[in-house]
Amino acid sequence: MRRGTKKCILLLLAILLLCLLAWRLTPHTFEEMTASDRDEITSLAGVVSLNGVRDGRAYTESYALQNVTPEDTAFEGVLMLLNSTRYREDFRNLLPWPIEAVSAGRAYDGRGVSLMLVWGPSEDECCSLSLSGRQIVVSRPHHDGFLIYHPTDPKLLNWLAIYLANNGEKG
7 MRRGTKKCIL LLLAILLLCL LAWRLTPHTF EEMTASDRDE ITSLAGVVSL NGVRDGRAYT
67 ESYALQNVTP EDTAFEGVLM LLNSTRYRED FRNLLPWPIE AVSAGRAYDG RGVSLMLVWG
127 PSEDECCSLS LSGRQIVVSR PHHDGFLIYH PTDPKLLNWL AIYLANNGEK G
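Residue numbers (my numbering): 7 to 177.
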């Protein structure tokens, strides 16, 4: 291979790597992540599951908010927390096939938050978010499979879990 061709290939690989890094590190807003407009959301529901060991015994607790509307203070509280950070895409979102299963892996600490956001009467006008570990799994209309994001604020799961536990009904 000629020396000029080798340099050209290396340069193209370096440019590709820089583009991938820029794509991965570019933060997105909550609206971009969910493909929705915050002002159009008409209701939400959420649940936090807390699992672990207390005094040598297994326990599980859950707290839920059901059909929360813009008139409820909990509605604004949840959306304020979701809008308080930005979200970075996971490299798995680049795969040419749909992501059908996601695990929190070793980052799972016994806490998980699931949210459903609705902005219309049909199933095409809603979005599901599942937070556990250091990632958010998003299921949104007109997209096969899941999308995976990482909040720029690593404490988002903690804040949402506390908020839902304090404002939700114990299950």
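Every residue, glycine too, gets a C-beta built ideally from N, C-alpha and C.
Only counting the same chain, and skipping five residues up and downstream in sequence, which positions put a Cβ closer than 7 Å to that of residue i?
{"i": "Val119", "result": "Gly52, Val54, Leu137, Leu163, Leu166, Ala167 and Leu170"}
{"i": "Leu71", "result": "Ala51, Gly52, Ala80, Leu170, Asn173 and Gly174"}
Report the three-state DSSP secondary structure of residue i (helix, strand or coil).
{"i": "Gly174", "result": "coil"}
{"i": "Glu67", "result": "strand"}
{"i": "Val108", "result": "coil"}
{"i": "Ile168", "result": "helix"}
{"i": "Glu95", "result": "strand"}
{"i": "Leu101", "result": "coil"}
{"i": "Arg44", "result": "helix"}
Using CA atoms only, rank isn't needed, just tell me which of the options is closest to residue i.
{"i": "Thr32", "options": "Gly10, Arg117 and Phe97", "result": "Phe97"}
{"i": "Asn172", "options": "Ser42, Glu67 and Ser128", "result": "Glu67"}
{"i": "Val84", "options": "Gly177, Leu22 and Val74", "result": "Val74"}
{"i": "Arg92", "options": "Gly62, Asp159 and Leu16", "result": "Asp159"}
{"i": "Leu100", "options": "Ser42, Ile21, Asp150 and Leu19", "result": "Asp150"}
{"i": "Leu121", "options": "Ala113, Ser128 and Phe81", "result": "Phe81"}
{"i": "Thr48", "options": "Phe152, Ser128, Pro157 and Tyr155", "result": "Ser128"}
{"i": "Ile105", "options": "Leu27, Arg146 and Glu131", "result": "Arg146"}
Could you pull the start and end residues of the alpha helix (DSSP H) that residue i belongs to?
{"i": "Ala28", "result": "Arg9 to Leu31"}
Tell me which same chain residues have a C-beta within less than 6 Å of the C-beta of residue i, skipping the five on either side of it?
{"i": "Leu88", "result": "Phe36"}
{"i": "Gly116", "result": "Asn57 and Gly58"}
{"i": "Ala110", "result": "Ser138 and Gly139"}
Using the rule of at least 16 other Cβ atoms within 10 Å of the residue's Cβ for burial, across every protein chain shown, is residue i buried or exposed?
{"i": "Val143", "result": "buried"}
{"i": "Gly2", "result": "Given that the chain is displayed from residue 7 to residue 177, the structure contains no residue 2 and the question cannot be resolved."}
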